[in-house]
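Since the structure comes first, as structure tokens, the remarks are kept for the end.
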Ligand SMILES: Nc1ncnc2c1ncn2[C@@H]1O[C@H](COP(=O)(O)OP(=O)(O)O)[C@@H](O)[C@H]1O
Ligand SMILES: [Mg+2]
């Protein structure tokens, strides 16, 4: 358990931001002797690459998701089409609401992710992941670009990786078969990666001395239907097109071969066969 209350009073010792994705803020963790990072659920929407939109706030479960799609999404889209002066008032209110929803959703998803990591530890499949340690509650001073912010809440300690794959051009060198084998191991223990990019390619994985490990654990799920939905044929086809469009011509052949090999082995049907087969 980390006891870091001294960070809260010492604003000058705020942890500098290392990186931020769409769902987690990442900071170096100097307090441990080892080279580690500490991750917290993203809460500053200004650090996102794209502004929060209604599609970012969809609940995971089916009924709340349908309700959301029938209410908040159309209302949010309607506000976009309103003329001034109504839009002038409603748009900031809509954006504030969406940001709050996104923050709450991100935090809940983070807690579910910590539970997935605990399941991986219990079932002995944690070797697929970058060495990670969930922490229920931390008190930290975080150095965000907008200034220091006190943070209380859950966190994930993780081994710091130099070779974090977070760009498409970095993909061809890695051994994609490891990504496939690792996922089959996760499926056997009732865990899956519900993100087409990390499921089919080493994107969000990290190259370590011991080989490829999943670094962005944010898309882990214990929900079989969520995992299957992430591998829907339309999603896979769209992602294939996206990757190939960003791959330099000289690498297109290699990448399409690797991608197609992964697509053949990472399918909803294979998932159903292996799910919880221990
Ligand atoms: N363990 C790590 N070591 C080094 N850099 C990391 C580590 N984890 C994350 N990062 C950096 O932080 C970014 C965001 O972290 P990530 O886990 O992918 O969060 P998100 O779910 O928000 O995408 C990554 O793309 C990477 O650049
Ligand atoms: Mg990521």
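Residue numbers (this note's numbering): 7 to 284.
Beta carbons are placed, not taken as given, at the ideal position from N, Cα and C, and that holds for glycine.
Given residue 196 as reference, the closest of 249, 187 and 129 once Cα atoms are compared:
Here residue 196 refers to the residue found at position 190 when the chain shown is read from its first residue. Answer by Cα proximity: 129.
Residue 170 beta carbon less than 9 Å from that of residue 112:
In the chain shown, residue 112 corresponds to position 106, counting from 1. In the chain shown, residue 170 corresponds to position 164, counting from 1. Not in contact: residue 112 and residue 170 (Cβ atoms no closer than 9 Å).
Near ligand 2, which residues have their beta-carbon less than 6 Å from any of its heavy atoms, given in chain order?
27, 210 and 222
Continuous alpha helix (DSSP H) assignments of at least 4 residues falling wholly in the stretch 190-257
The stretch 190-257 contains these whole alpha helix (DSSP H) runs: 202-206, 230-236 and 239-251.
Identity of the residues DSSP links to residue 25 by a beta bridge
For this step, residue 25 is matched to residue 19 along the chain shown. Its beta-bridge partners are 32.
Taking all protein chains shown into account, do 16 or more other C-beta atoms lie within 10 angstroms of the C-beta of residue 67, making it buried, or fewer, making it exposed?
The sequence position of residue 67 within the chain shown is 61, counting from 1. That one is exposed.
In the DSSP assignment, what are the bridge partners of residue 283?
In the chain shown, the residue the question calls residue 283 occupies position 277. DSSP lists no partner for residue 283.
What ranges does the alpha helix (DSSP H) occupy inside the stretch 39-112, keeping only unbroken runs of at least 4 residues that lie completely in it?
68-76 and 78-87
Residue 15 (DSSP reduced to helix, strand or coil):
Mapped onto the chain shown, residue 15 falls at position 9. In this prediction, residue 15 scores a pLDDT of 45, lower than 50, which makes its location untrustworthy; no coordinate-derived value is stated.
Contacts around residue 14, its chain only, beta-carbon distance under 6 Å, and the 5 residues preceding and following it disregarded
As a position in the chain shown, residue 14 is number 8, starting the count at 1. Any reading at residue 14 must be qualified, since the residue scores a pLDDT of 44, below 50, and its modelled position is unreliable; the value itself is stated next. 145, 147 and 156, listed in sequence order.
So, residue 33 versus residue 22, is the Cβ gap smaller than 9 Å?
Counted from its first residue, the chain shown places residue 33 at position 27. Counted from its first residue, the chain shown places residue 22 at position 16. A contact, by the Cβ cut-off of 9 Å.
Using C-beta distances below 6 Å, list every residue in its chain close to residue 41, excluding the 5 sequence neighbours before and after it, in chain order.
Locating residue 41 in the chain shown gives position 35, where the first residue counts as 1. Same-chain partners within the cutoff: 166.
Label residue 124 either buried or exposed according to how many other C-beta atoms from any shown protein chain fall within 10 Å of its C-beta, with 16 as the threshold for buried.
One-based indexing of the chain shown puts residue 124 at position 118. It is exposed - the Cβ of residue 124 has fewer than 16 other Cβ atoms within 10 Å.
Pairing CB atoms from the stretch 244-252 with CB atoms from the stretch 218-231, are three or more of them under 8 Å?
no
Please confirm whether residue 218 and residue 184 have their CB atoms less than 9 Å apart.
Translated into the one-based positions of the chain shown, residue 218 becomes position 212. Translated into the one-based positions of the chain shown, residue 184 becomes position 178. Going by C-beta atoms, residue 218 is nearer than 9 Å to residue 184.
What's the C-alpha gap between residue 202 and residue 192?
Counting from 1 along the chain shown, the entry for residue 202 is found at position 196. Counting from 1 along the chain shown, the entry for residue 192 is found at position 186. Taking the straight line joining both Cα atoms gives about 15 Å.
For residue 137, which option in 59, 212 and 259 has the closest C-alpha, if you only look at C-alpha atoms?
As a position in the chain shown, residue 137 is number 131, starting the count at 1. Considering only alpha carbons, the answer is 212.
Same chain only: Cβ atoms within 8 Å of residue 242, ignoring 5 sequence neighbours per side
As a first step, residue 242 is located in the chain shown; it is residue number 236 there, counting from the start. Same-chain partners within the cutoff: 202, 206 and 269.
If you reduce the DSSP assignment to three classes, tell me which class residue 9 lands in.
Numbered from its first residue, the chain shown carries residue 9 at position 3. With a pLDDT of only 46 at residue 9, under the threshold of 50, the placement of this residue in the model should not be trusted; the figure read from the coordinates follows. Of the three classes helix, strand and coil, the one that applies to residue 9 here is coil, per DSSP.
Closer than 8 Å: residue 30 CB and nearest ligand 1 heavy atom:
Your numbering for residue 30 matches position 24 in the chain shown. Checking the Cβ of residue 30 against ligand 1 gives yes.
Measure the Cβ-Cβ separation of residue 261 and residue 177 and say whether it is below 9 Å.
Residue numbering aside, residue 261 sits at position 255 when the chain shown is read from its first letter. Residue numbering aside, residue 177 sits at position 171 when the chain shown is read from its first letter. For residue 261 and residue 177, yes; Cβs fall inside 9 Å.
Residue 153, buried or exposed, once every other Cβ within 10 Å from all chains shown has been counted against 16
If you number the chain shown from 1, residue 153 lands on position 147. Exposed is the call here.
Would you mind working out which of 97, 248, 220 and 77 sits nearest residue 132, comparing C-alpha positions?
Taking the first residue of the chain shown as position 1, residue 132 is located at position 126. Nearest of 97, 248, 220 and 77 to residue 132, Cα basis: 220.
Run of the beta strand (DSSP E) containing residue 159, from where it starts to where it stops:
Taking the chain shown and counting its residues from 1, one reaches residue 159 at position 153. Note, residue 159: beta strand (DSSP E), 153-165.
Which residue wins for smallest C-alpha separation from residue 161, given the options 31, 24 and 69?
As a working note, residue 161 is residue 155 in the chain shown. Residue 31 is the option with its Cα nearest to residue 161.
Hey, how far is the Cα of residue 215 from the Cα of residue 282?
Counting from one through the chain shown, the residue named residue 215 turns up at place 209. Counting from one through the chain shown, the residue named residue 282 turns up at place 276. In a straight line, the C-alpha of residue 215 is about 29 Å away from that of residue 282.
Quick one, are the C-beta atoms of residue 265 and residue 182 less than 9 Å apart?
For the purposes of this step, residue 265 is taken as the residue at position 259 of the chain shown. For the purposes of this step, residue 182 is taken as the residue at position 176 of the chain shown. The answer is yes: Cβ separation under 9 Å.
Is the beta carbon of residue 185 within less than 8 Å of some heavy atom of ligand 1?
Here residue 185 refers to the residue found at position 179 when the chain shown is read from its first residue. Result no, Cβ not under 8 Å from ligand 1.
Which residue from 62, 54 and 141 puts its Cα closest to that of residue 25?
If you number the chain shown from 1, residue 25 lands on position 19. Per the Cα distances, 54.
Option in 27, 88, 258 and 43 with minimal Cα separation from residue 56:
Taking the chain shown and counting its residues from 1, one reaches residue 56 at position 50. When only C-alpha atoms are compared, the closest one is 27.
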